[in-house]
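Numbering (our numbering), first residue to last: 14 to 384. Ideal Cβ positions, reconstructed from N, Cα and C, are used throughout, including at glycine. Small disclaimer: the values here were computed from a predicted structure and weren't measured. Notes follow the structure.
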Ligand SMILES: [Zn+2]
Ligand SMILES: [Zn+2]
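Encoded structure:
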């Protein structure tokens with residue numbers, strides 16, 4: 014780890030809790046499964062709790078409360094606040110405060126899960142140490158006015174223990190006695206908490222390390238379709254950092270983003286409203302801008318290259334790409350300034366042209382050997 018933290022700053026409560034959760038999940042839960050197997054109720058409850066707590070974090074804590082990317086009626090808020098607590102990721106108020114600081118100070122000291130302090134720090138190390146000085150929660154004034162958020166803030170731990178751990182054990186007890194209670198606690202309670210937590214943690218670690226950056230290289234956030242599979246669509250993190258108020262993280266129709274689909278379905282049922290979407294031309298301009306930045310970076314590499322023939326050939330290709338990118342960019346910009354309605358087809362064409370050019374740049378960087 015590149016970041017040195019003193020022993021006095023260890024948050025013992027968090028450390029012991031995470032250690033216990035991890036040990037029970039990777040040792041006790043598998044032993045229980047080998048000795049007793051799993052019954053239908055346990056599989057069903059595990060699935061329900063994993064989906065309910067996972068989506069409460071992504072749809073509730075993240076897109077609703079942190080980014081206000083849509084408005085929700087009380088049943089949606091209540092569900093996500095109760096099951097969000099059961100993920101044992103702190104209260105919504107604390108979670109949102111940390112997350113808003115992450116967006117405001119990405120990759121810098123005031124980012125709680127700053128990836129520049131190392132993969133483990135961003136993943137879960139930051140939870141094991143107290144911040145010094147403790148950051149003021151001065152970025153959630155809007156949420157403090159929400160009575161339901163404040164109710165959950167006061168009762169977060171009690172809800173987490175009672176609904177997240179005790180309730181599955183009680184259901185298990187009524188189904189199959191003491192061993193059923195133990196199974197409910199180990200499998201539906203602890204193992205599920207471990208799985209959901211690790212998936213959330215990977216957003217802060219892996220999604221700032223591995224993946225593509227089609228919208229911006231100004232910060233470390235990356236798009237990863239694999240991570241999207243594990244995190245209800247949160248893996249499109251490069252897009253999310255560029256357009257944090259969009260209710261969609263996987264903005265393309267083919268992106269796997271069940272949170273986006275759930276929000277859309279809830280809006281059709283009248284349970285949520287005011288879904289915020291970034292205009293397509295803005296997304297396209299961001300992609301074009303980023304492609305130009307990549308072309309500029311490549312030009313610097315080429316200029317410094319020692320082989321004059323290669324320098325000349327690559328520069329000519331690059332000139333053509335940059336010229337085309339600039340022309341396209343100005344055409345879109347002009348159309349927007351003149352309030353010309355851009356057809357979906359035209360936007361799609363520009364978008365695929367930009368993608369092809371970015372691919373060409375990628376191929377060039379692989380072909381050009383380093384000095
Ligand atoms: Zn991030
Ligand atoms: Zn976010």
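Alpha helix (DSSP H) segment containing residue i, residue limits
i	result
residue 300	293-316
residue 276	271-281
residue 3	The chain is shown only over 14 to 384; residue 3 falls outside these bounds and no answer can be derived.
residue 111	105-117
residue 188	180-196
residue 212	205-218
residue 45	42-49
residue 165	160-172
residue 62	53-68
residue 154	154-157
Backbone secondary structure at residue i - three-state DSSP
i	result
residue 264	coil
residue 332	helix
residue 359	helix
residue 405	What is shown of the chain runs 14 to 384, which leaves residue 405 out entirely.
residue 23	strand
residue 234	coil
residue 32	helix
residue 286	strand
residue 83	coil
residue 78	helix
residue 10	This structure leaves residue 10 out entirely; the chain is present only between 14 and 384.
residue 343	helix
residue 229	coil
Contact under 7 Å by Cβ, residue i with residue j
i	j	result
residue 326	residue 318	no
residue 231	residue 259	no
residue 262	residue 247	yes
residue 91	residue 153	no
residue 101	residue 69	no
residue 166	residue 104	yes
residue 22	residue 143	yes
residue 30	residue 276	no
residue 257	residue 116	yes
residue 285	residue 85	yes
residue 46	residue 203	no
residue 297	residue 364	yes
residue 373	residue 196	no
Same chain only: Cβ atoms within 8 Å of residue i, ignoring 5 sequence neighbours per side
i	result
residue 215	136, 240, 243 and 244
residue 14	With a pLDDT of 47 at residue 14, under the threshold of 50, the modelled position of this residue cannot be trusted; read the value that follows with caution. Only 130, 131, 133, 134 and 138 meet the Cβ criterion.
residue 338	301, 304, 305, 308, 367 and 370
residue 265	none
residue 176	95, 96, 98 and 99
residue 125	111, 114, 115, 139, 144 and 148
residue 384	Residue placement at residue 384 is flagged as unreliable, the pLDDT there being 48, under the threshold of 50; a coordinate-derived value is accordingly withheld.
Residues near residue i by beta carbon distance below 7 Å, same chain, minus five either side
i	result
residue 192	49
residue 59	200, 201 and 205
residue 27	140 and 141
residue 223	235 and 237
residue 255	228, 229 and 299
residue 173	98, 99 and 101
residue 332	none
Spatial neighbours of residue i in its chain, beta-carbon cut-off 6 Å, leaving aside the 5 residues before and after
i	result
residue 194	182, 185 and 186
residue 293	360
| task | Report yes or no: do the stretch 206-223 and the stretch 116-135 share at least 3 C-beta pairs separated by less than 8 Å? | result | As far as the Cβ criterion goes, the stretch 206-223 touches the stretch 116-135, which means the pair count is three or higher.
| query | Would you call the stretch 35-44 and the stretch 197-215 in contact, with 3 or more CB pairs under 8 Å? | reply | Touching, yes, given that three or more Cβ pairs across the two stretches are closer than 8 Å.
| query | At a cut of 8 Å, does the stretch 69-88 reach the stretch 106-125 through at least three beta carbon pairs? | reply | Yes, the stretch 69-88 is in contact with the stretch 106-125.
| Stretch pair the stretch 327-336 + the stretch 371-381: three plus CB contacts closer than 8 Å | Cβ pair count under 8 Å is three or more, so yes.
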